[in-house]
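Chains as they are written, first to last, in the working numbering: chain A, 12 to 125; chain B, 101 to 210.
Cβ coordinates follow ideal geometry from the N, Cα and C atoms, glycine included.
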């Protein structure tokens, strides 16, 4: 596919369970970003990857949140011991390189914690 | 506290009317961006404004960056039902961290 893809599109989980969200960026894009969007609101920056390293993790809300990127491509955002306040849409974006300002977004994963 | 404040948060108008959405901050940004987001999709970049006082036009949409690079506006002329969506402004903090406003939900009624 030509765009950023994310899976699953929807995830319903019980409080206390761990979840993994996946992002496949556009091929050749070296920069990858994770954002969180609460219902109908703006986006909140979580973490940024350049290649496989994360120079900026400043947006991760707590140590229950972690992310990794392998092979300079796929990224996984993991939330441990989920809480109800983690319910949101998690969006991934990629850009050609860190100096390029246009970010291309995936459709997001809607996470619901019961 | 929101770094970028958008107003109004909700706007519902009739097709054919004009509208303006505002994005304000107390901080200076090197550039500001406007995105449009439809339900179930990620935001799509509409424009990037870089120079203070810059005006960019995209068909019926006019984007302006304030002289002091702290604010921006989006003006839509003769709104159409296809303009309905969530409009987001965003600015870069540092080289890579994009901060977003809370969005303006626009509804154009036929």
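Proximity to residue i [Cα-Cα], best of the options
i	options	result
residue 114(A)	118(B), 146(B), 201(B)	146(B)
residue 27(A)	65(A), 80(A), 56(A), 96(A)	96(A)
residue 128(B)	170(B), 180(B), 176(B)	170(B)
residue 74(A)	41(A), 90(A), 40(A), 118(A)	90(A)
residue 108(A)	29(A), 36(A), 19(A), 20(A)	36(A)
residue 140(B)	17(A), 66(A), 29(A)	17(A)
residue 62(A)	49(A), 123(A), 55(A), 79(A)	79(A)
residue 191(B)	202(B), 181(B), 184(B), 182(B)	202(B)
residue 47(A)	207(B), 208(B), 198(B), 205(B)	198(B)
residue 179(B)	107(B), 125(B), 206(B), 126(B)	206(B)
residue 185(B)	196(B), 126(B), 125(B), 113(B)	113(B)
Contact set between residue i and chain A, taken where Cβ atoms lie within less than 7 Å
i	result
residue 205(B)	51
residue 131(B)	112
Contact with chain A by residue i, beta-carbon distance below 8 Å
i	result
residue 188(B)	yes
residue 198(B)	yes
residue 165(B)	no
residue 148(B)	yes
Cα-Cα separation between residue i and residue j, rounded to whole angstroms
i	j	result
residue 188(B)	residue 60(A)	23 Å
residue 130(B)	residue 152(B)	9 Å
residue 98(A)	residue 112(A)	28 Å
residue 168(B)	residue 123(B)	13 Å
residue 142(B)	residue 117(A)	5 Å
residue 150(B)	residue 121(B)	18 Å
residue 82(A)	residue 135(B)	30 Å
residue 154(B)	residue 138(B)	27 Å
residue 53(A)	residue 200(B)	6 Å
residue 160(B)	residue 148(B)	16 Å
residue 107(B)	residue 204(B)	7 Å
Chain B within 8 Å of residue i, Cβ atoms only
i	result
residue 113(A)	yes
residue 39(A)	no
residue 109(A)	yes
residue 67(A)	yes
residue 101(A)	no
residue 83(A)	no
residue 119(A)	yes
residue 11(A)	Coverage of chain A is limited to positions 12 through 125, which leaves residue 11(A) absent and any answer about it impossible.
Proximal residues of chain B, C-beta to C-beta of residue i below 9 Å
i	result
residue 116(A)	135, 137, 141, 142, 143, 144, 145
Chain A contact residues for residue i, given Cβ-Cβ distances below 8 Å
i	result
residue 114(B)	Residues of chain A passing the Cβ test: none, with the nearest at roughly 22 Å.
residue 202(B)	52, 53
Uninterrupted beta strand (DSSP E) stretches inside the region 145-190 of chain B (no shorter than 3 residues): Along the length of the region 145-190 of chain B, whole beta strand (DSSP E) runs at least 3 residues long occupy 155-158, 161-165, 171-176, reported in chain order.
Length at least 3, wholly inside the region 13-76 of chain A: the beta strand (DSSP E) runs in chain order: 16-18, 21-24, 30-35, 42-48, 54-61, 64-67
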